[in-house]
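If you read the protein sequences in the order shown, they are chains G and Y. Note that the numbering used here gives residue 209 to position 209 of the first sequence, counting from 1, and the numbers run on in steps of one. Note that the numbering used here gives residue 467 to position 55 of the second sequence, counting from 1, and the numbers run on in steps of one. Just so it is clear, CB atoms sit at the ideal spot from N, CA and C, and this is done for glycine as well. Here the structure is a predicted model, which means the values were calculated and not measured. Please read the structure below before turning to the comments.
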Amino acid sequence: MSRPSHTIEPEELMAYLDGELAAERALETASHLEHCRECQQLAEGLRQISRSLTAWEVEECDARVPVDFSGVQMDRKKEKKEVELWRRLLSVRHWSKQSWALAGTATALFVIIMSFGVSRLQPARMEFRQMSGPINQPPPPPPLPQERNGKLSGSSGTIGVIDAEDSLSTGDEISLPASGPMIVRTVDLNITAKEFDQARSSLDEILKRHQGHIGELSVNTPSGSARSLTAALRIPASQLDSALADLKRLGRVDKEAQNGEEVTQQYVDLEARLKNARNTEGRLIELQRERTGKLSDVLAVEKEISRVRGEIEQMEAERKGLRNRVDFATLNLTVIEDYKAELKVVPPSMGTQVRNAAVDGYRSVVDGLFSLLLWLLSWLPTLLVWTLVLFYPVRMGWRKLRQRMVQKVPEA
Amino acid sequence: MTSDESLMLEFQRGSREAFEELFARYRGPLYGFFRRRLENRERAEDLAQETFLAVIRAAQRYEPRSLVRTYLYGIALKLLAAERRKPANREAELESVAEPAANDPPETTLWIRRALEKLEPGEREVLMLREYEQLSYAEIAELLRIPVNTVRSRLFRARMALKDQLRPTLKLDEQTRMAGGEEA
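If you want it as structure tokens, here you go:
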């Protein structure tokens, strides 16, 4: 509703009728209302609404004073007493000797019960720890794989026991690592060996003994400086500690760093995604077998099956890689030879010295000529230009000077 | 006439008469409050009683910071909200909107009820508190915890919406009044 000529808003008019407008504004509204026909209509409409609403009347209420009032008063007294009691109990200053004795006894009993409860709980907690593996300590190495036919089995039920193939093929539950977390272990070891060749051969023996293998190896043998060996070794996680101890005996340990990355969650996620993808593939194959619709639909199902299969293969490869990283720890080994520079004191022979001097003389002549040639090549163009520029002025000057000299001679 | 606040303070000091006076003053309005908002008459009576019971229990904690009237309707609003939260009552309320009870009230009342039901809940509550409980804008604002300006705007919107919905009733009233005038 457009009300350009109105100084009173409709809401203000309503508030005026309700007696909710400030006195000054109420006077203005009353004055406006006397002359404005539109506002009078609005006011009448609002009054009518209120009148019509009052038509909704409710019957008389039969309720009496709600309860036995004395009972309620009793409750109030009781409540008051309770409050007073609590206030007294909480106010330590008013405690009597008996109260202190009672509180002390209660506290002692509580402590005894709690300590007894904790001691009872302790074995259960230890048992739980044994079942689930240590929480804040580095995990023990996983057991040595006994069989490699798609199934790894551990000896002592620690970590690294993965039976994913079985778990995926049976039941809907996603298989978790049988016991404890899955840890990918990485070790960096730098050694300085006095006997480099011996260290190199010992390395092969150690790897053979601990069933490890070389992932990558390079040996540098520069002349006049120390030789070095850099290798990435893959050692069964269960054998890592003993292999590490053997490797440390190769020489002096300059640096050792160990890292353990937990991948349990990553593995479980991967398993779940793999399981879902396999279920999807199964459903799609079933759909393809049962439904014979349009060619485009069949092709779409084929395409989807192909896509899901690709995903499954990718995830299987990822899972295999993850399992491999858990089963085999990576040991980055660097062996540097303890190099001792040799002091050569034998002088060269006379012939060698003469020959060397002749060669040096020849080399200096050639070098001098070559330097002159280079100097000429670099400066000749500049010299030519300046010669051409200065030739005629210099010649003219010279001639004039000579003529003057000639004229002076007869006068003399 | 003793004010409500004085009566409440007297009741706090243990005066039974003061409470009975308060009960007499607010028994009807509180019953009307619940009766207009609930279908069940007995339940409305019970809740009115429960409001006074709550007053009795909390009398010691009463502080004369607001009017007794606002205090009472505050308790009533809380009881009503609790009542409406009960699933059985919610279903009954929905059914009652669809089908009126057997003992139907007069036609005008039905019109009003239906028109009020069509309003936004917030606007309806403001309107009902103003029209039936006769609360001021400030009291409504305090009860519903909204600004006074919001109360005013909601009230205006509610009345304008009601104006359209009650038009047939208003016309009927107009005709009745005119007929009454002619007869006179």
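Residue i classed as buried or exposed, judged by whether at least 16 other C-beta atoms fall within 10 angstroms
| i | result |
| --- | --- |
| Tyr443 (chain Y) | buried |
| Leu401 (chain G) | exposed |
| Ala566 (chain Y) | First, the amino acid is wrong: residue 566 (chain Y) is Arg here, not Ala. Arg566 (chain Y) comes out buried. |
| Arg25 (chain G) | exposed |
| Ile191 (chain G) | buried |
| Thr29 (chain G) | buried |
| Leu618 (chain Y) | The structure shown does not extend to residue 618 (chain Y), since chain Y spans only 413 to 596, so no value can be given for it. |
| Asp197 (chain G) | exposed |
| Ala245 (chain G) | exposed |
| Ala527 (chain Y) | buried |
| Pro347 (chain G) | exposed |
| Gly251 (chain G) | buried |
| Phe435 (chain Y) | buried |
| His113 (chain G) | Before going on, a small fix: residue 113 (chain G) reads as Ile here, not His. Exposed, since its Cβ has fewer than 16 Cβ neighbours within 10 Å. |
| Pro518 (chain Y) | exposed |
| Val385 (chain G) | exposed |
C-alpha distance - residue i paired with residue j, whole-angstrom precision
| i | j | result |
| --- | --- | --- |
| Met131 (chain G) | Gln314 (chain G) | Residue confidence is low: Met131 (chain G) scores 41 on pLDDT, short of 50, so the model does not pin down where it sits. No coordinate-derived value is stated. |
| Ser242 (chain G) | Asp338 (chain G) | 25 Å |
| Tyr362 (chain G) | Arg355 (chain G) | 11 Å |
| Gln137 (chain G) | Ala272 (chain G) | Unreliable placement is indicated for Gln137 (chain G), whose pLDDT of 39 sits below 50; the coordinate value is still reported in the next sentence. Cα to Cα, the separation comes out at about 28 Å. |
| Glu262 (chain G) | Gly215 (chain G) | 22 Å |
| Asn332 (chain G) | Asp188 (chain G) | 5 Å |
| Arg497 (chain Y) | Pro441 (chain Y) | 23 Å |
| Glu529 (chain Y) | Pro499 (chain Y) | 19 Å |
| Arg469 (chain Y) | Ala494 (chain Y) | 18 Å |
| Ala231 (chain G) | Thr186 (chain G) | 13 Å |
| Val326 (chain G) | Arg278 (chain G) | 24 Å |
| Leu390 (chain G) | Ser371 (chain G) | 28 Å |
| Ser238 (chain G) | Leu284 (chain G) | 42 Å |
| Ala257 (chain G) | Gln288 (chain G) | 54 Å |
| Arg425 (chain Y) | Arg448 (chain Y) | 34 Å |
| Arg34 (chain G) | Ala15 (chain G) | It should be noted that the sequence gives Glu, not Arg, for residue 34 (chain G). Whole-angstrom Cα-Cα distance: 16 Å. |
| Pro381 (chain G) | Lys408 (chain G) | 41 Å |
| Asn276 (chain G) | Lys320 (chain G) | 18 Å |
| Met420 (chain Y) | Phe445 (chain Y) | 21 Å |
| Gly104 (chain G) | Phe110 (chain G) | 10 Å |
| Arg477 (chain Y) | Leu556 (chain Y) | 17 Å |
| Trp56 (chain G) | Ile8 (chain G) | 31 Å |
| Glu422 (chain Y) | Arg437 (chain Y) | 15 Å |
| Val480 (chain Y) | Arg439 (chain Y) | 13 Å |
| Leu203 (chain G) | Leu274 (chain G) | 39 Å |
Proximity test, Cβ basis, 8 Å: residue i and chain G
| i | result |
| --- | --- |
| Lys530 (chain Y) | no |
| Lys575 (chain Y) | yes |
| Glu457 (chain Y) | yes |
| Arg447 (chain Y) | yes |
| Tyr485 (chain Y) | no |
| Ala514 (chain Y) | With a pLDDT of 42 at Ala514 (chain Y), under the threshold of 50, the modelled position of that residue is not reliable, and the figure given next carries that caveat. Answer no: the Cβ-Cβ gap between Ala514 (chain Y) and chain G never drops below 8 Å. |
| Phe423 (chain Y) | no |
| Ile552 (chain Y) | no |
| Val509 (chain Y) | For Val509 (chain Y), the predicted model reports a pLDDT of 43, less than 50, meaning its position is unreliable and no value from the coordinates is stated. |
| Thr482 (chain Y) | no |
| Ser548 (chain Y) | yes |
| Ala460 (chain Y) | yes |
| Ile558 (chain Y) | no |
| Arg473 (chain Y) | no |
| Glu543 (chain Y) | yes |
| Thr520 (chain Y) | yes |
| Arg525 (chain Y) | yes |
Check: residue i C-beta below 7 Å from any heavy atom of the ligand PLP
| i | result |
| --- | --- |
| Gly224 (chain G) | What this structure holds is no ligand at all, so the ligand PLP is not there to describe. |
Proximity test, Cβ basis, 8 Å: residue i and chain Y
| i | result |
| --- | --- |
| Glu11 (chain G) | yes |
| Glu28 (chain G) | no |
| Ala22 (chain G) | no |
| Met315 (chain G) | no |
| Met14 (chain G) | yes |
TODO: Below 9 Å between beta carbons is the criterion; list the residues of the stretch 43 to 66 of chain G that meet it against any residue of chain B, in chain order.
DONE: Of the protein chains in the structure, G and Y, none is chain B.
TODO: Would you be able to state if there are at least three C-beta pairs under 8 Å between the stretch 293 to 303 of chain G and the stretch 200 to 214 of chain G?
DONE: no
TODO: Using a Cβ-Cβ cut-off of less than 9 Å, list which residues of the stretch 277 to 301 of chain G approach chain Y; keep chain order.
DONE: none
TODO: Could you tell me whether the stretch 46 to 53 of chain G touches the stretch 423 to 431 of chain Y, where touching means 3 or more Cβ pairs closer than 8 Å?
DONE: no
TODO: Give a yes or no on contact between the stretch 318 to 337 of chain G and the stretch 187 to 205 of chain G, applying the rule of three or more CB pairs nearer than 8 Å.
DONE: yes
- [ ] Evaluate the contact criterion for the stretch 528 to 545 of chain Y versus the stretch 557 to 574 of chain Y: three or more CB pairs, one atom per stretch, below 8 Å.
- [x] yes
TODO: Determine contact between the stretch 365 to 378 of chain G and the stretch 264 to 279 of chain G, defined as no fewer than three beta-carbon pairs at a distance below 8 Å.
DONE: no
Task: chain G contacts from the stretch 433 to 445 of chain Y (Cβ-Cβ distance under 7 Å) - done: Phe435, Arg439, Gly440, Tyr443, Gly444
- [ ] Compile a chain-ordered list of the residues in the stretch 561 to 572 of chain Y whose CB is closer than 8 Å to at least one CB of chain G.
- [x] Arg564, Ser565, Leu567, Phe568, Arg571
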